[in-house]
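Working notes for the structure below.
Number of protein chains: 2
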Amino acid sequence: MDNEVKMMPHGIECCDEEEVHADKVQLVNEQMPPEDRLYDLAELFKAFGDTTRIRILFALFEADICVCDLAATLNMTQSAISHQLRLLKQARLVSGRREGKQIIYYLADDHVRTIIEKGMEHILE
Amino acid sequence: MDNEVKMMPHGIECCDEEEVHADKVQLVNEQMPPEDRLYDLAELFKAFGDTTRIRILFALFEADICVCDLAATLNMTQSAISHQLRLLKQARLVSGRREGKQIIYYLADDHVRTIIEKGMEHILE
DNA sequence: AAAACATATGAGCAATTATTCATATGTTTG
DNA sequence: CAAACATATGAATAATTGCTCATATGTTTT
Numbered sequence: 258m259d260n261e262v263k264m265m266p267h268g269i270e271c272c273d274e275e276e277v278h279a280d281k282v283q284l285v286n287e288q289m290p291p292e293d294r295l296y297d298l299a300e301l302f303k304a305f306g307d308t309t310r311i312r313i314l315f316a317l318f319e320a321d322i323c324v325c326d327l328a329a330t331l332n333m334t335q336s337a338i339s340h341q342l343r344l345l346k347q348a349r350l351v352s353g354r355r356e357g358k359q360i361i362y363y364l365a366d367d368h369v370r371t372i373i374e375k376g377m378e379h380i381l382e
Numbered sequence: 258m259d260n261e262v263k264m265m266p267h268g269i270e271c272c273d274e275e276e277v278h279a280d281k282v283q284l285v286n287e288q289m290p291p292e293d294r295l296y297d298l299a300e301l302f303k304a305f306g307d308t309t310r311i312r313i314l315f316a317l318f319e320a321d322i323c324v325c326d327l328a329a330t331l332n333m334t335q336s337a338i339s340h341q342l343r344l345l346k347q348a349r350l351v352s353g354r355r356e357g358k359q360i361i362y363y364l365a366d367d368h369v370r371t372i373i374e375k376g377m378e379h380i381l382e
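Just so you know, the protein sequences line up as chains E and H, in that order.
Quick note on numbering: the first sequence equals residues 258 to 382 in the working numbering.
Quick note on numbering: the second sequence equals residues 258 to 382 in the working numbering.
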C-alpha cells in the first residue's frame with residue numbers, strides 16, 4: 258500500500274517483502290543527482306543516439322559545413338537535415354553562423370568530440 | 258537523376274545546383290567511419306538516452322545491486338527494470354552475476370563512468 | 001517434488017521520433 | 001521590388017520505444 262522505502266538495520270536478505278537492502282537503497286538515493294539533471298543528461302545522449310545525427314557530427318569533425326552540403330554528403334533531404342540540426346542545436350552540440358544565404362554549422366564545443374571518442378572506445382573494445 | 262556527388266575543382270559557390278562544395282563533401286566522405294560502426298555508436302548512445310536507464314547507471318555507480326533493489330530504489334516495477342537492464346546489457350554497459358536467487362548487476366567497465374562524466378560536464382558548462 | 005521467490009520475456013498499448021511534403025522565413029541578385 | 005536561392009518549420013505518417021500485465025525460467029527452501 259505504501260510506496261516508501263523502509264529503512265531497517267537488518268542483514269542482507271532481499272526482496273522477499275518490502276524490506277530490501279535498505280542500506281544500499283539509502284546510499285543510492287542520497288547520491289542520485291536531482292531529477293532535472295538526470296533528464297538533461299538523458300536528453301543529451303538522445304541527441305547522440307541516432308545514425309543521422311552521428312553522421313552529421315562526424316561530418317562536422319572535418320569542416321564547418323552548410324546545410325545543403327550536409328544533405329549532399331549524407332545523401333538526405335535538406336528538410337531532414339534541418340530537422341536534425343535543430344535537435345543538435347537544442348542539445349548545444351552544434352551552432353550555426355550565417356554566411357550570406359547559407360548557414361554554416363559547426364561543432365559547438367570539444368565535449369562533442371570527447372564524448373564520441375569515448376563512445377568509440379567502448380564499442381571497439 | 259543521379260545521386261552521385263560530382264567532383265569538380267571549382268570555387269566556393271554552393272547549393273544552387275548539384276554542384277556543392279565538392280572538396281568538403283569528398284573530405285567528409287573519406288573520413289566517415291563505416292556504416293556499421295556509426296550504427297553501433299548510435300545504439301550505444303541510445304542506451305544512455307533514457308532517464309530510467311541513466312538512473313540505473315547512477316545507482317550502479319554506488320554499488321552492485323540486484324534487480325529488486327533497483328526497482329525499489331527507483332520506485333519502478335521489477336518488469337520495467339528488467340527490460341531496461343536487458344538493453345543496458347546488450348549495449349555492454351552492465352553485466353549481471355547470479356548470487357543465489359538474485360542477479361546482481363554491476364557496471365561493465367569504466368567507459369560508462371567516463372561517458373556519463375563527460376556528458377555531465379557538457380550539460381553543466 | 002512442491003511452494004516460494006527472483007528475474008526474464010512476449011504481447012499489447014500509448015507515447016515518442018525520424019522522415020516526407022508543403023510551405024514559410026530570410027537573404028541575395030537582377 | 002521581384003525572382004531565385006538557402007534554410008526552417010508545421011502537419012502527417014510510419015517506425016520505434018517504454019511500460020504494463022501475464023507468464024515463463026531458474027533457484028532455493030521445506
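We treat Cβ as the ideally placed atom computed from N, Cα and C, and that holds for glycine.
Next item on the list: With DSSP as the reference, label residue 356 of chain E as helix, strand or coil.
Entry: strand
Checklist line | Exposed unless 16 or more other CB atoms sit within 10 angstroms - verdict on residue 327 of chain E | finding: Looking at its Cβ environment, which holds 16 or more other Cβ atoms inside 10 Å, residue 327 of chain E is buried.
Margin query: So the candidates are H/337, H/363, H/352 and H/331; which of them puts its Cα closest to the Cα of residue 279 of chain E?
Written below: H/331
Check: Can you tell me where the alpha helix (DSSP H) with residue 286 of chain E in it begins and where it stops?
Finding: 279-288
Notebook entry, point to check: Does residue 334 of chain E have its Cβ less than 8 Å from a Cβ in chain H?
Noted result: no
Checklist line | Residue-chain proximity (residue 363 of chain E, chain H), Cβ-Cβ < 8 Å | finding: no
Notebook entry, point to check: Given a limit of 9 Å on CB to CB distance, which residues of the region 286-309 of chain H reach chain E?
Noted result: 286, 287, 288, 289, 290, 292, 294, 295, 296, 297, 298, 299, 300, 301, 302, 303, 304, 305, 306, 307, 308 and 309
Checklist line | Per DSSP, the bridge partner or partners of residue 238 of chain E | finding: Outside the shown range of chain E (258 to 382) lies residue 238 of chain E, about which nothing can therefore be said.
Checklist line | Unbroken alpha helix (DSSP H) run spanning residue 321 of chain E, endpoints | finding: It is not in any alpha helix (DSSP H) - residue 321 of chain E carries neither H nor E in the DSSP assignment.
Notebook entry, point to check: Ends of the alpha helix (DSSP H) at residue 300 of chain H?
Noted result: 292-305
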